[in-house]
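First residue of the sequence shown? That's 138 in this note's numbering, and the numbers climb one at a time after it.
No residue lacks a Cβ here, since even glycine has one placed at the ideal position from N, Cα and C.
Just below is one structure, and these are the notes that go with it.
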Amino acid sequence: MLKKIFICLLFLAGMLNAVAQNISARIIDANTSENLSHASIVINDTENLVSNEDGYFTISDKYTDDALLSISFLGYKSVLVTLTELKKSNYIVKLRPGSFELETVYVSNMAMSVDSIMANVKRNLPKNYRWDNKANSKKIFYREGLAFKPINLKAEMTSAEGYTKKQLTDANTELKAFTNELISHPPQEFTDMLCNYYMASKMHKEKLHPVTKFNVIKATQLKDRSRGVDLNEMEKMASGILFKHLDPHKYYRIKSGLLGTRDTVIANGAFYESKKYRVNTIQEDAVKKKLNLAKNKVTSFVNESNLQSTKFDFITLQELYDYSFAGKTQSENNTSVYIIKFSPKKRKGKYTGTLYVSEKDYAVLRADYTLGEGKKLGGVNLKFLLGVKQSENLSRGTLIFKEKKSGEGYNLQYGSVTTGQYVYVNRPLKFLEIAEDDKHYVAFDLKVEANVEEKEEYFMMSQEDITEADFDKVTDSDFEYVQLSSYNPAIWKEYGGIEPMEEMKKFKTIE
138 MLKKIFICLL FLAGMLNAVA QNISARIIDA NTSENLSHAS IVINDTENLV SNEDGYFTIS
198 DKYTDDALLS ISFLGYKSVL VTLTELKKSN YIVKLRPGSF ELETVYVSNM AMSVDSIMAN
258 VKRNLPKNYR WDNKANSKKI FYREGLAFKP INLKAEMTSA EGYTKKQLTD ANTELKAFTN
318 ELISHPPQEF TDMLCNYYMA SKMHKEKLHP VTKFNVIKAT QLKDRSRGVD LNEMEKMASG
378 ILFKHLDPHK YYRIKSGLLG TRDTVIANGA FYESKKYRVN TIQEDAVKKK LNLAKNKVTS
438 FVNESNLQST KFDFITLQEL YDYSFAGKTQ SENNTSVYII KFSPKKRKGK YTGTLYVSEK
498 DYAVLRADYT LGEGKKLGGV NLKFLLGVKQ SENLSRGTLI FKEKKSGEGY NLQYGSVTTG
558 QYVYVNRPLK FLEIAEDDKH YVAFDLKVEA NVEEKEEYFM MSQEDITEAD FDKVTDSDFE
618 YVQLSSYNPA IWKEYGGIEP MEEMKKFKTI E
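What follows is the structure, given as structure tokens:
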């Protein structure tokens with residue numbers, strides 16, 4: 138008995154130790170108590186952290202009580218606080234606003250309009266955000282979240298040659314259970330990844346081109362394997378139900394409404410292209426190497442966050458927007474920073490938001506943007522003709538840039554980008570047997586109305602220059618995701634990163 142009690146005490150001690158390794162603190166506005174998301178935290182001038190959208194960040198217990206935290210947020214006065222002081226304040230850091238309103242901004246004793254400042258921002262984009270051709274290594278934390286939010290789902294087998302009424306009823310009962318599960322428990326998934334990202338320049342056809350290499354330190358997936366999030370996965374799962382009601386020894390083509398017969402063959406429970414009988418790309422995607430997929434996600438995020446992209450038309454197409462001064466503040470390096478608000482002036486303008494512009498070199502240090510109410514980035518509406526509608530109706534983000542140690546331009550330090558679209562599909566589907574006569578068929582009605590959202594976060598934790606020889610020694614290495622059924626903060630206790638949002642903490646797979 139004593140032995141069992143001793144073992145239990147050891148277990149509890151281990152649990153307490155695990156909890157102690159995750160100290161969570163929160164950053165708020167001292168006047169309003171509002172959360173300050175994406176604030177910068179530097180511990181002992183060595184480790185970089187960033188607060189999440191709720192203002193929270195996590196500190197490892199490897200630091201002693203005299204560890205010094207430098208906490209800054211554009212538009213607020215920076216603070217220095219020790220871990221002891223943080224504990225005494227109940228792990229709440231209050232930042233006071235440090236900006237002030239302006240009627241006129243003066244530069245070199247000359248009045249400067251907001252339009253002149255924005256013109257200089259655009260003019261200096263190539264210099265401030267140019268590609269760095271020196272070999273370097275970055276430690277990056279990347280997070281991706283996907284959510285399928287159904288509004289209306291319906292899948293029904295309407296008729297099938299050779300089926301009894303009971304067989305049709307049984308098939309529809311199974312399809313109804315599938316759609317009900319998606320509605321009652323909307324699928325979502327989260328991926329966290331800590332990696333070393335290497336970049337160098339190599340000559341190719343007499344031009345310098347960037348070359349990247351990628352090593353994953355640790356990666357986790359929160360995902361319910363029984364429920365897909367993206368449309369491809371859901372199609373695959375729904376097809377598994379449909380294929381049960383098709384003869385596995387026969388070949389079928391798909392016919393969908395006005396579009397006629399699709400050039401696709403179904404046999405043995407899988408999609409094939411009719412000419413070459415090659416496995417459809419849905420299955421091809423599943424066998425791609427995880428390394429390349431992960432590497433491409435990080436690379437794409439960085440490339441798409443470059444402010445020279447036409448995506449950021451509130452910088453590149455300034456004639457579409459109205460700009461106004463909202464104040465002036467100091468950066469953590471004591472550089473004067475203009476705070477500039479923007480909103481659409483013409484119908485083609487899409488975004489509203491705030492830019493923080495360095496007075497020194499007109500670099501955008503931070504950009505907060507959101508798609509304006511009623512605005513769309515694109516889509517197609519053939520709802521009444523073909524039963525299909527798609528609309529890109531969600532786009533918002535925060536991008537934070539940090540000056541390079543060399544002083545020559547800026548790197549993306551943190552990015553948070555959320556995109557989403559509305560999807561509507563209402564179409565009949567018919568599976569026709571490929572035969573000269575006596576063709577069998579199975580007919581379905583399919584209706585999907587949903588919002589699909591994706592959120593990506595990127596955080597450059599550290600960067601250092603390396604030699605070309607060091608870069609050449611690095612080789613890409615494959616990795617495995619740690620599969621989780623619920624969020625476990627202890628798995629990241631040895632590393633920094635981004636504190637998860639509440640929906641991630643609440644995630645649990647459905648048994």
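Looking at the backbone, the Cα of Tyr213 and that of Ala167 are separated by about 10 Å. Gln550 counts as buried, since at least 16 other C-beta atoms from the protein chains shown sit within 10 angstroms of its C-beta. Within the segment 478-566, no complete alpha helix (DSSP H) segment of 4 residues or longer occurs.
The Cβ atoms of Ala272 and Ala337 lie closer than 8 Å to each other.
Segment contact: the segment 466-477 against the segment 489-509, three or more CB-CB distances shorter than 8 Å; contact assigned.
As the crow flies, the alpha-carbon of Met294 is around 35 Å from that of Leu621. By the Cβ criterion, the segment 272-289 is in contact with the segment 598-616, since at least three pairs of Cβ atoms, one from each stretch, lie closer than 8 Å. Counting along the chain, the unbroken beta strand (DSSP E) around Val187 starts and ends at 184-187. Assigned with DSSP and collapsed to three states, Val611 falls in coil, not helix or strand. It is roughly 26 Å from the alpha-carbon of Thr535 to the alpha-carbon of Asn352.
The residues Ile164, Ile208, in chain order, have a CB closer than 6 Å to that of Val230 in the same chain once the five nearest residues on each side in sequence are set aside. By the 16-neighbour rule on beta-carbons within 10 angstroms, Ala256 is exposed. Bounds of the alpha helix (DSSP H) holding Ala431 are 427-441. Remark: fewer than three beta-carbon pairs, one from each stretch, lie closer than 8 Å, so the segment 194-209 and the segment 434-454 are not flagged as touching.
Closest by C-alpha distance to Asp361, out of Ala284, Tyr334, Thr310, is Ala284. The C-alpha of Lys542 lies about 35 Å from the C-alpha of Asn625.
Taking the Cα positions, Glu594 is about 28 Å away from Tyr561.
DSSP places Thr349 within a strand segment (E or B) once states are collapsed to three.
Excluding residues up to 5 positions away in sequence, Glu586, Ala587 lie with their Cβ nearer than 6 Å to the Cβ of Ile288 in the same chain.
Ser442 sits close to Gly552, with the two beta carbons spaced by under 8 Å.
If you draw a 10 Å sphere on the C-beta of Thr183, you find fewer than 16 other C-beta atoms in it, and that means exposed.
When the alpha-carbon of Tyr578 is set against those of Pro565, Lys584, Glu590, Val589, the nearest one is in Pro565.
In the DSSP assignment, Leu283 is bridged to Glu326, Glu591.
Between the alpha carbons of Gln467 and Leu290 lies a distance of about 51 Å. In this chain, the beta strand (DSSP E) harbouring Leu205 covers 205-209. Cβ contact annotation for Tyr547 (same chain, cutoff 7 Å, sequence separation greater than five): Asn265, Tyr266, Ala500, Phe538, Lys539, Glu540, Lys541, in chain order.
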